[in-house]
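Numbering (our numbering), first residue to last: 21 to 381.
Glycine included, each C-beta is placed from N, C-alpha and C at the ideal position.
As structure tokens, the structure follows; a few thoughts come after it.
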Amino acid sequence: MSGIKTLGQFIIEKQADFPYAKGELSRLLRDIGIASKIVNREVNKAGLVDILGAAGTMNIQGEGQQKLDVFANTQFISALTSGGECCIVATEEEDDFVKIDSPVSKNAKYIVCIDPLDGSSNIDCNVAVGTIFSIYRRKSTNGKATLQDVLQKGTEQVAAGYVIYGSSTMLVYTTGKGVNGFTLDPSIGEFCLSHPNMKIPPNGNIYSLNEGNYVHFPEGVKKYLKYVQVEDKATNRPYTSRYIGSMVADIHRNLIKGGIYIYPTTARSPKGKLRLLYECNPMAFIVEQAGGIASDGFNRILEIEPTELHQRTAIFIGSEHMVHVAESLMLEFSSERKSESRYISGTEAKLEQMGIVGGID
Ligand code: P6P
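Right, here's the structure in full:
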């Protein structure tokens with residue numbers, strides 16, 4: 021195995037990066053890694069066994085659960101229960117958070133927020149899907165952990181990551197000391213370091229959003245769409261539209277190539293579609309650690325104060341310059357939240373400087 025570094029070896033090597041008792045993060049990520057290998061096995065053969073299609077149940081989001089959604093949810097909860105480090109799992113697939121109450125978890129200190137299988141509506145057509153997870157340390161020091169231990173700001177995350185089940189299966193994570201990617205080698209059943217110290221290009225020309233919602237977009241997003249579609253060789257426009265309908269796949273591609281992913285508020289999702297705790301916070305932590313930025317169009321995702329388990333938010337995430345341009349247009353043209361913006365108002369000069377205002381009708 022010369023030159024190969026497994027996830028387990030890497031975590032132990034980087035143990036000093038994780039300021040808590042030795043081995044806790046290792047065991048948490050080991051548990052998540054085990055469950056993701058089992059999910060990967062089922063995703064890879066989904067067409068062959070009766071695990072495709074709808075489970076016939078609905079989750080709290082009102083979304084029809086795919087059988088693999090339910091399977092993945094069960095696998096992650098089971099792995100985290102037997103691993104002994106996790107006291108609560110907050111998952112997209114359960115109405116309430118799941119209390120882990122097993123003999124090995126008596127002293128468990130960690131909260132895991134997880135979307136077990138994001139983009140699962142794509143499963144039947146063999147498009148990449150993913151798992152997104154966020155790890156917090158409980159704040160309460162005695163008794164059972166509570167909802168308050170779950171409703172922590174994104175800045176409190178001690179680790180976050182995703183698994184993408186695509187042409188290969190990768191686990192990408194951060195503990196706040198950079199981002200590293202591991203590709204599953206099925207021949208040895210190990211995630212092996214393949215993308216050390218991942219950095220998102222500060223600029224790019226790929227934009228990812230569902231233009232089918234155009235009529236319901238905030239004015240600032242409509243202006244951004246006009247901006248990216250205007251011919252301007254100096255700024256490499258028009259950009260390229262790439263939208264898979266699977267957040268993990270879209271953001272993973274943009275992390276590597278540069279780009280922006282936007283899911284704004286729409287008529288159908290007036291607070292945004294994506295969930296703060298187990299989709300936006302972990303992806304924002306990862307992208308920020310890779311040098312990008314993530315906001316709700318006005319304010320940093322990681323600073324949003326959660327008030328409910330399945331809280332949704334708009335998200336603008338990706339290459340720093342691209343998100344800044346979109347945020348500037350949101351500030352200028354979607355004034356309903358102007359006062360909240362982290363930018364100084366009167367961004368005319370900033371837009372001119374970016375060559376924006378002139379290029380938009
Ligand atoms: P729409 C999948 O359901 C998801 O949560 C993300 O993975 C994806 O980017 C988005 O929703 C797709 O939503 O409304 O464009 O189909």
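Reduced DSSP secondary structure (H/G/I, E/B, other) of G378: Residue 378 sits at position 358 when you count from the first residue of the sequence shown. At G378 the pLDDT is 48, less than 50, meaning the model places this residue with poor confidence and gives no usable figure here.
Inter-residue spacing [alpha-carbon to alpha-carbon] between L5 and K119: Only positions 21 to 381 of the chain appear in this structure, which leaves residue 5 out of reach.
Touching by the beta-carbon criterion (3+ pairs, under 8 Å), the stretch 270 to 281 and the stretch 179 to 199: yes
CA nearest to the CA of I306, picked from V183, N79, T286: Residue 306 sits at position 286 when you count from the first residue of the sequence shown. Closest by alpha carbon: V183.
Host alpha helix (DSSP H) of H344 (start-end): As a first step, residue 344 is located in the sequence shown; it is residue number 324 there, counting from the start. Counting along the chain, the alpha helix (DSSP H) containing H344 begins and ends at 340 to 353.
Whole-angstrom distance between L27 and R47, CA atom to CA atom: Here residue 47 refers to the residue found at position 27 of the sequence shown. Here residue 27 refers to the residue found at position 7 of the sequence shown. If you take the alpha carbons of R47 and L27, they lie about 11 Å apart.
Beta strand (DSSP E) runs wholly inside the stretch 285 to 315, at least 3 long, in chain order: 313 to 315
Range of the contiguous alpha helix (DSSP H) that encloses M267: As a working mapping, residue 267 is identified with position 247 in the sequence shown. Looking at the DSSP string, the run of the alpha helix (DSSP H) that includes M267 is 267 to 277.
Beta-carbon separation (whole angstroms), E33 vs Y298, contact threshold 8 Å: As a working note, residue 33 is residue 13 in the sequence shown. As a working note, residue 298 is residue 278 in the sequence shown. About 28 Å separates the two Cβ atoms, so there is no contact after all.
Buried or exposed (CB count within 10 angstroms, at least 16 for buried), Q9: Only positions 21 to 381 of the chain appear in this structure, which leaves residue 9 out of reach.
Three-state secondary structure (DSSP) of R158: The residue given as residue 158 occupies position 138 in the sequence shown. R158 falls in the coil class under three-state DSSP.
Alpha-carbon spacing of I131 relative to R262, whole angstroms: In the sequence shown, the residue the question calls residue 131 occupies position 111. In the sequence shown, the residue the question calls residue 262 occupies position 242. The alpha-carbon atoms of I131 and R262 are separated by roughly 34 Å.
Residue range of the alpha helix (DSSP H) that includes G103: Along the sequence shown, one-based indexing puts residue 103 at 83. G103 -> alpha helix (DSSP H) spans 87 to 103.
G139: CB within 8 Å of a non-hydrogen atom of the ligand P6P: Stepping through the sequence shown from its first residue, residue 139 is reached at position 119. True, at least one ligand heavy atom lies under 8 Å from that Cβ.
Any non-hydrogen atom of the ligand P6P closer than 8 Å to V268 Cβ: The residue labelled residue 268 in the question sits at position 248 within the sequence shown. Yes, the beta carbon of V268 sits closer than 8 Å to at least one heavy atom of the ligand P6P.
Cβ contact (3+ pairs, closer than 8 Å) linking the stretch 273 to 289 and the stretch 225 to 240: yes
Secondary structure of Y363, DSSP reduced to three states: On the sequence shown, position 343 is the one that residue 363 refers to. Below a pLDDT of 50, predicted positions are generally treated as unreliable, and Y363, at 48, falls in that range; the measurement from the model is reported next regardless. If DSSP states are grouped into helix, strand and coil, Y363 belongs with coil.
Y234: first and last residue of the uninterrupted alpha helix (DSSP H) it sits in: The residue you call residue 234 lines up with position 214 of the sequence shown. No alpha helix (DSSP H) contains Y234, which DSSP labels as neither H nor E.
E299 beta carbon near the ligand P6P (any heavy atom closer than 8 Å): As a first step, residue 299 must be located in the sequence shown, where it is residue number 279. Yes - the ligand P6P has a heavy atom lying nearer than 8 Å to the Cβ of E299.
Proximity to G232 [Cα-Cα], best of I282, D138, P302: Working through the sequence shown from its first residue, we reach residue 232 at position 212. Considering only alpha carbons, the answer is I282.
For T189, the three-state DSSP class (helix, strand or coil): For the purposes of this step, residue 189 is taken as residue 169 along the sequence shown, with counting starting at 1. Strand at T189.
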